[in-house]
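Numbering (this note's numbering), first residue to last: 308 to 366. Where is the CB? At the ideal position from N, CA and C, for every residue including glycine. For reference, the structure is listed below as structure tokens.
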Amino acid sequence: MIASSLALADYFSRDCTNETEKRLHMLLAIIATLDDTCILYRSNQEVLTLVQQLAQNAN
């Protein structure tokens, strides 16, 4: 719930008209805050933390 709220807030706060760019930033906000169980299953917490940090930096 929190991840989706942050993603929506990020989406609506973007001051750009490019819909694709806004959606990409919304996806990055979700990746940065969501504990992706697929990443945890395929690797470990350290990799998940790295992916989240990279998504946050890219956003």
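Check, Outcome
"When the distance is taken between beta carbons, is Ala362 closer than 8 angstroms to Leu335?", "yes"
"Could you tell me the alpha carbon to alpha carbon distance between Asp322 and Ala365, rounded to whole angstroms?", "17 angstroms"
"Considering only their Cβ atoms, is the gap separating Ile338 from Val358 smaller than 8 angstroms?", "yes"
"What does a CB cutoff of less than 7 angstroms around Gln329 pick up in its chain, not counting 5 residues either side in sequence?", "Strictly speaking, residue 329 in this sequence is Lys, with Gln absent from that position. For Lys329, where only same-chain residues beyond five positions count, the Cβ hits under 7 angstroms are Tyr318, Arg321, Cys323."
"Output the distance between the C-alpha atoms of Ser312 and Met333, rounded to the nearest integer angstrom.", "10 angstroms"
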